[in-house]
Amino acid sequence: MARLTKKQKEALAKIEKGKLYSVDEASALIKDVTNTKFDSSVDIAVRLGVDPRKANQMVRGVVSLPHGTGKDMKVLALVTPDKEAEAKEAGADYVGLDEYLDKIKSGWTDVDVIITMPSVMGKLGPLGRVLGPRGLMPNPKTGTVTMDVAKAVTEVKAGKIDFKVDKTGIVHAAIGKASFSADKIAGNANELLTTLIKLKPTTAKGVYVKSIFMSSTMSPSIAVDPKIG
268 MARLTKKQKE ALAKIEKGKL YSVDEASALI KDVTNTKFDS SVDIAVRLGV DPRKANQMVR
328 GVVSLPHGTG KDMKVLALVT PDKEAEAKEA GADYVGLDEY LDKIKSGWTD VDVIITMPSV
388 MGKLGPLGRV LGPRGLMPNP KTGTVTMDVA KAVTEVKAGK IDFKVDKTGI VHAAIGKASF
448 SADKIAGNAN ELLTTLIKLK PTTAKGVYVK SIFMSSTMSP SIAVDPKIG
């Protein structure tokens, strides 16, 4: 086991062992235990009482974080020529179609989100093996397959993220940066958690939100009280 540095020991000492913190407490504490020289991402991991192997217990959705992600999201708009100006004006970083499809076929995936139109999805099908594992395949459920390309681009740039429960029943999401105020971190965390609660499958039995942990890049994790609603 790797030995802890002095800063890591100091950070751990600030977290009370066995305590479940409120979202507000955790959001303030995360700033106190983050010691990186760069602006760390703040992440949240929520363990749900669902069986992701069952289609009717797959939890997936989108949420617009009120204070944004703190990250400049790189957006690729795969659109027909008549939609290119609209996508560029909305702030898409890359706009086009066939030339970007060819780049993706060659292994290029240097973007955070891909937005496209229903008529283009047929061309993206063969690229599923490249885009799927990276979470980049557009999906109507997340608003990334739409005729209103400008709105979709604007929302992503403003802090809209999508999330999906993984095979172990955990939802991971980045909810901001350590440079955010504690209030902004808490606001984003509460927005995500509220959205998750609304998405509880009717077939899920027992405790839905089993555990919540908040952490930043290289920081120890903070246990958050899962009794949030």
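Each residue of the sequence shown is one higher than the last, beginning at 268 in the numbering used here. Glycine residues also receive a C-beta, built at the ideal position from the N, C-alpha and C atoms.
For R320, which three-state DSSP category applies? Coil.
Ignore the nearest five residues each way along the sequence and tell me which others in S488's own chain have a CB closer than 8 angstroms to its CB. The answer, listed in chain order, is A312, F480, M481, S482.
Range covered by the beta strand (DSSP E) that runs through T330: Contrary to the premise, residue 330 reads as Val rather than Thr in this sequence. That run of the beta strand (DSSP E) goes 327-331.
Under 8 angstroms by Cβ, that's how I've got K431 and G443 pegged, so tell me the actual separation to the nearest angstrom. Not quite, the Cβ-Cβ distance comes to about 19 angstroms (not below 8 angstroms), so this is no contact.
With DSSP as the reference, label S308 as helix, strand or coil. Strand, per DSSP.
Could you check if E283 is buried or exposed, using at least 16 other CB atoms within 10 Å of its CB as the buried criterion? Taking a 10 Å sphere around the C-beta of E283, we find fewer than 16 other C-beta atoms and assign the residue as exposed.
To which residues of the same chain is A295 closer than 7 angstroms at the C-beta, ignoring the five residues directly before and after it? Taken in chain order, the residues that qualify are A449.
How far does the alpha helix (DSSP H) with A357 in it reach, from first residue to last? Here the alpha helix (DSSP H) through A357 covers 348-357.
For E422, count neighbouring C-beta atoms within 10 Å of its own C-beta (all shown protein chains included) and say buried if the count is 16 or more, exposed if not. By the neighbour-count rule (16 or more Cβ atoms within 10 Å), E422 is buried.
Alpha carbon to alpha carbon, how far is K434 from G399? CA-to-CA, the gap between K434 and G399 works out to about 15 angstroms.
Whole angstroms is fine: what's the gap from G358's alpha carbon to K472's? Distance between the alpha carbons of G358 and K472: 43 angstroms.
Going by C-alpha to C-alpha distance, which of L279, V438, K298 sits closest to G328? Nearest C-alpha to G328 among L279, V438, K298: V438.
When the cut-off is 8 angstroms and only beta carbons count, does T347 lie next to chain B? This model lacks chain B altogether, as it is built from one protein chain only.
M325 and K350 - do their beta-carbons sit closer together than 8 angstroms? No. Outside cutoff.
What separation, rounded to the nearest whole angstrom, lies between the Cα atoms of N323 and L279? Each residue's Cα considered, the two are about 39 angstroms apart.
Let me make sure I understand the geometry here. Which of T336, L466, L403, S289 has the alpha-carbon closest to that of D306? That would be T336, whose Cα lies nearest to the Cα of D306.
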